[in-house]
Amino acid sequence: MAGHLHVEEHFTAAPMVRDVVIGMADGLTVPFALAAGISGAVAASAYATRLVVTAGLAEIAAGSIAMGLGGYLAARTDFEHYETERQREIRETVELPDVETEEVAKVFREYGLSNEQMAPAVNAIIGNQKHWVDFMMRFELGLEEPDPKRASRSAVTIAASYVFGGMIPLAPYMLLGNVITGLWYSVAITLLALGVFGYIKSRLTGIAPWKGAMQTIVTGGLAAAAAFGLARLVGMG
Numbered sequence: 014m015a016g017h018l019h020v021e022e023h024f025t026a027a028p029m030v031r032d033v034v035i036g037m038a039d040g041l042t043v044p045f046a047l048a049a050g051i052s053g054a055v056a057a058s059a060y061a062t063r064l065v066v067t068a069g070l071a072e073i074a075a076g077s078i079a080m081g082l083g084g085y086l087a088a089r090t091d092f093e094h095y096e097t098e099r100q101r102e103i104r105e106t107v108e109l110p111d112v113e114t115e116e117v118a119k120v121f122r123e124y125g126l127s128n129e130q131m132a133p134a135v136n137a138i139i140g141n142q143k144h145w146v147d148f149m150m151r152f153e154l155g156l157e158e159p160d161p162k163r164a165s166r167s168a169v170t171i172a173a174s175y176v177f178g179g180m181i182p183l184a185p186y187m188l189l190g191n192v193i194t195g196l197w198y199s200v201a202i203t204l205l206a207l208g209v210f211g212y213i214k215s216r217l218t219g220i221a222p223w224k225g226a227m228q229t230i231v232t233g234g235l236a237a238a239a240a241f242g243l244a245r246l247v248g249m250g
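Counted from 1, the sequence shown has number 116 at position 103 by our numbering; the numbering is strictly sequential.
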């Protein structure tokens with residue numbers, strides 16, 4: 014219909030969602046696997062629950078710091094790489110203008126434009142150095158300008174998501190006195206949380222939700238089962 018307003022919906026929070034996914038995925042699986050593994054090794058100890066909780070909290074603290082630092086360094090590296098490439102492009106537009114002009118024309122040529130068709134656009138772009146450099150960064154190098162504040166936000170988001178995710182499998186041990194009972198409650202709650210997390214993540218990223226939920230559950234379950242079995246095997250030895 015002529016009067017119908019077309020509204021495009023695009024997902025624009027990808028960086029933050031990626032950070033939450035990184036933090037939550039590791040936060041749910043690593044402490045879960047660690048707690049399950051320790052439960053299998055120290056179940057007979059009088060201090061089994063305390064050992065599991067202490068080890069779990071220590072892992073969450075260390076893991077959140079390490080993951081947050083990793084996110085910070087990754088974002089800083091992206092920003093520094095972009096700035097280095099941008100400075101190089103600025104120098105080249107000054108020192109090698111003919112070469113850079115041809116590179117602009119090459120981009121348009123790849124879209125099927127003739128020399129006559131592309132000439133006005135090329136001249137308009139190279140007539141402004143900032144636009145020229147921006148064009149080369151995006152279309153020649155495929156780089157988008159990163160948010161300079163992303164590094165700190167990424168670190169906080171990943172670390173907080175890791176802590177939140179890690180407390181889910183550990184909570185049953187903290188609330189219940191028996192380590193084996195805590196283990197089974199932890200398994201049930203964590204697998205449910207993994208399913209919900211995988212479903213929501215898949216919905217946000219455009220993947221089949223139930224498929225994403227099952228993949229997340231299987232990954233976390235296998236990690237915990239492997240850790241539990243290994244700890245039991247070592248304990249028996």
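Glycine included, C-beta positions come from ideal geometry on N, C-alpha and C.
Applying the 10 Å Cβ sphere with the 16-neighbour rule, what's the burial state of residue i?
| i | result |
| --- | --- |
| tyrosine 175 | buried |
| lysine 214 | buried |
| threonine 194 | exposed |
| serine 58 | exposed |
| valine 33 | buried |
| aspartate 111 | exposed |
| methionine 187 | exposed |
| leucine 41 | buried |
| serine 127 | exposed |
| alanine 11 | Nothing in the structure corresponds to residue 11, since the chain is present only between 14 and 250. |
| valine 107 | exposed |
| threonine 251 | Limits of the chain in this structure are 14 at one end and 250 at the other, which puts residue 251 out of reach. |
| arginine 163 | buried |
| glycine 76 | buried |
| valine 55 | buried |
| alanine 71 | exposed |
| alanine 206 | buried |
| tyrosine 124 | exposed |
| valine 209 | exposed |
| alanine 132 | exposed |
| tyrosine 60 | exposed |
| leucine 246 | exposed |
| alanine 48 | buried |
| alanine 137 | exposed |
| leucine 183 | buried |
| leucine 235 | exposed |
| aspartate 39 | buried |
| glycine 225 | buried |
Helix, strand or coil: how does DSSP classify residue i here?
| i | result |
| --- | --- |
| glycine 140 | coil |
| arginine 133 | For the sequence presented, residue 133 should be read as proline rather than arginine. In the structure shown, proline 133 sits in a helix (DSSP, three-state: H, G or I). |
| leucine 109 | coil |
| alanine 74 | helix |
| glycine 125 | coil |
| glutamate 22 | Residue confidence for glutamate 22 is low, a pLDDT of 49 falling below 50, so the modelled location carries little weight and cannot support an answer. |
| serine 52 | helix |
| tyrosine 60 | coil |
Would you mind giving the Cβ-Cβ distance between residue i and residue j, rounded to the nearest angstrom? I have them listed as a contact below 8 Å.
| i | j | result |
| --- | --- | --- |
| threonine 114 | valine 146 | So it is not a contact: roughly 13 Å between Cβ atoms. |
| serine 52 | leucine 196 | 4 Å |
| serine 167 | tyrosine 85 | 6 Å |
| tyrosine 44 | isoleucine 73 | It should be pointed out that residue 44 corresponds to proline in this sequence rather than to tyrosine. Yes, proline 44 and isoleucine 73 are in contact; Cβ-Cβ is about 6 Å, under 8 Å. |
| alanine 10 | glycine 36 | Because the chain is modelled from 14 through 250, residue 10 falls outside the range shown and cannot be assessed. |
| valine 192 | valine 65 | 6 Å |
| isoleucine 139 | valine 117 | 6 Å |
| isoleucine 220 | threonine 203 | At roughly 21 Å, the Cβ-Cβ gap does not stay under 8 Å, so isoleucine 220 and threonine 203 are not in contact. |
| glutamate 158 | tyrosine 212 | In fact, because the Cβ distance is near 33 Å, the residues do not count as touching under 8 Å. |
The segment 227–235 in contact with the segment 99–108 per 3-pair CB rule at 8 Å: no
In chain order, each alpha helix (DSSP H) run of at least 4 residues that lies wholly inside the segment 155–239: Unbroken alpha helix (DSSP H) stretches of 4 residues or longer found wholly inside the segment 155–239: 163–188, 192–218, given in chain order.
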